[in-house]
Every structure is written in structure tokens, then in C-alpha cells.
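Written out below as C-alpha cells is the structure these notes cover.
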Amino acid sequence: MTARGSRSCMPLGTSIFLIAVGAILRYAVTATVSGISIHTVGLILIIVGIVGLVLSLLYMFAWSPRRGGVARGRVVERDPYEPPAY
Numbered sequence: 239m240t241a242r243g244s245r246s247c248m249p250l251g252t253s254i255f256l257i258a259v260g261a262i263l264r265y266a267v268t269a270t271v272s273g274i275s276i277h278t279v280g281l282i283l284i285i286v287g288i289v290g291l292v293l294s295l296l297y298m299f300a301w302s303p304r305r306g307g308v309a310r311g312r313v314v315e316r317d318p319y320e321p322p323a324y
């Protein structure tokens, strides 16, 4: 069983990881592979990470159910305090 807030943290972390890996492939890797462009794969990972980050933030702030609503307690009215007469 997962905690309440852990579901919304996972997509954020995954999106940031995809952006980081994509940036490394796009800008830091100089190796070449026949049949595939590493720079294009990096760009695709960056775009997918950004889209995932935006969707995660929209879900967290706009579509998630509101928590921490107003606590409504029962009001008990009592007579005002009068100190005992000695």
C-alpha cells in the first residue's frame, strides 16, 4: 500500500529523469551508432519528459481532489463562567 502523496511524486521524478537523460544524450554524448541518431533520441526524451512534467503538474494542481478541507466541529454553547462565591 502506498502513501497518499507518493503517487504524485513518481511522475515528477520520472519526468525529470527523462529530461536529464535526454539532455545527456543530446548534448554530452559524442559517440555514433549506425542506424540511430543518439542526438534525436535525446531530443525525443527531453520532449517526452517535458510533456510528462506539464501533465503531472496539471494533474497535481488542477485535477486532483482537494485535501485539507475545512474542519467542521460541533459547537457547544455554555453559560458564561462565574467564579464560585465564598
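Going by the working numbering, the first residue of the sequence shown is number 239, and it counts up by one from there.
Heads up, the beta-carbon is just placed ideally off N, CA and C, and yes, glycines get one too.
One or two residues paired with residue i in a DSSP bridge
i	result
V292	None; V292 has no bridge partner.
I274	V271
Distance between residue j and residue i (C-alpha atoms, nearest Å)
i	j	result
G287	V271	23 angstroms
L332	L250	This structure leaves residue 332 out entirely; the chain is present only between 239 and 324.
R310	L263	53 angstroms
P322	R316	16 angstroms
M298	V313	34 angstroms
A300	I285	22 angstroms
G243	P318	Model confidence at G243 stands at a pLDDT of 47, short of 50, so the residue's coordinates are unreliable; what they give is reported in the following sentence. If you take the alpha carbons of G243 and P318, they lie about 44 angstroms apart.
A258	T278	14 angstroms
V289	T252	11 angstroms
L283	A269	17 angstroms
When the options are compared against residue i, the one with the closest alpha-carbon
i	options	result
I276	A261, V289, R312	A261
I254	A266, Y319, S294, Y324	S294
Per-residue burial, residue i [other beta carbons within 10 Å of its own, 16 or more giving buried]
i	result
I274	exposed
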